[in-house]
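Numbering (my numbering), first residue to last: 11 to 262.
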């Protein structure tokens, strides 16, 4: 049986590698994605950062015919895979090249840091076929690039190139394709070298804050800070700073 999504580990980094049939997500690959996301969430003791990339020339181009022809009552199951990625506690970096369309871009929007090769093309072509994105893009895209830019992409279905994606904030950095995976791992290694509880809490505060008002968001930040103050890693970080040495975090 072909496994379309594999997971490997390097130090404290989980690497999810896509090798999708025809660059499209099907039910099997979505199930694999949920399984890997669950495994990562259950291992915060050892996994501090996550990288998602593709072994194919294009990151991902869309959905299988099976999913496009699914019954309406099955649609909620499609979005659950990308919600599982969005709910990973550790920071998630996605590295993209080639065509990032439809489901591929939906997955990218579920990640925390998006980098892309200079040859990348992005689009949600769904309206050209008479439907809308199936897995959360109408909600995640405007949060990432603003309402006006999101409406332009979703309503026209037109492709944008890598430079435009960088300009509107869809990606944070453009890299030559041959260095893309290396750059993603470099970012992950930097994050993994920081206090793992602190990076998880920072992600939680930002993501929760985007869903609530400012005062509630500030309270969330304060609550997490109070919890962090009780950890060994917080004490180690302060001691290392005072002693002018690198901290040795223990994730507790």
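Note that CB positions come from ideal geometry on N, CA and C, so glycine has one too.
Linking residue 56 to residue 138 through their CA atoms gives a straight-line distance of about 44 Å.
Comparing alpha carbon positions, the residue from 176, 160, 141 closest to residue 73 is 141.
For residue 248, no beta strand (DSSP E) run applies; the uninterrupted alpha helix (DSSP H) run containing it begins and ends at 242-252, by DSSP. Between the stretch 123-131 and the stretch 91-98, the count of C-beta pairs closer than 8 Å stays below three; the two stretches do not touch. The beta carbon of residue 50 is closer than 7 Å to those of 24, 57, 60, 98, 100 in its chain, skipping five residues each way along the sequence.
The alpha-carbon separation between residue 245 and residue 237 amounts to approximately 12 Å. Judged by DSSP secondary structure, residue 104 falls within the beta strand (DSSP E) whose first and last residues are 102-106. In chain order, 155 place their CB closer than 6 Å to the CB of residue 180, counting only its own chain and leaving out the 5 sequence neighbours on each side.
Apart from sequence neighbours up to five positions away, the residues of its chain that approach residue 68 with a beta-carbon distance below 6 Å are 33, 108, 109, ordered along the chain. The C-beta distance from residue 205 to residue 247 rounds to 6 Å, short enough to fall under 8 Å.
Taking a cut-off of 8 Å on C-beta distances, the stretch 209-217 does not touch the stretch 183-198, as fewer than three cross pairs fall below it. Annotation for residue 25: the continuous beta strand (DSSP E) segment containing it runs 23-28. Membership of residue 109 in the beta strand (DSSP E) is indicated by the continuous run 109-111.
Inside the stretch 112-152, DSSP marks whole alpha helix (DSSP H) runs of 4 or more residues at positions 113-119, from first to last along the chain.
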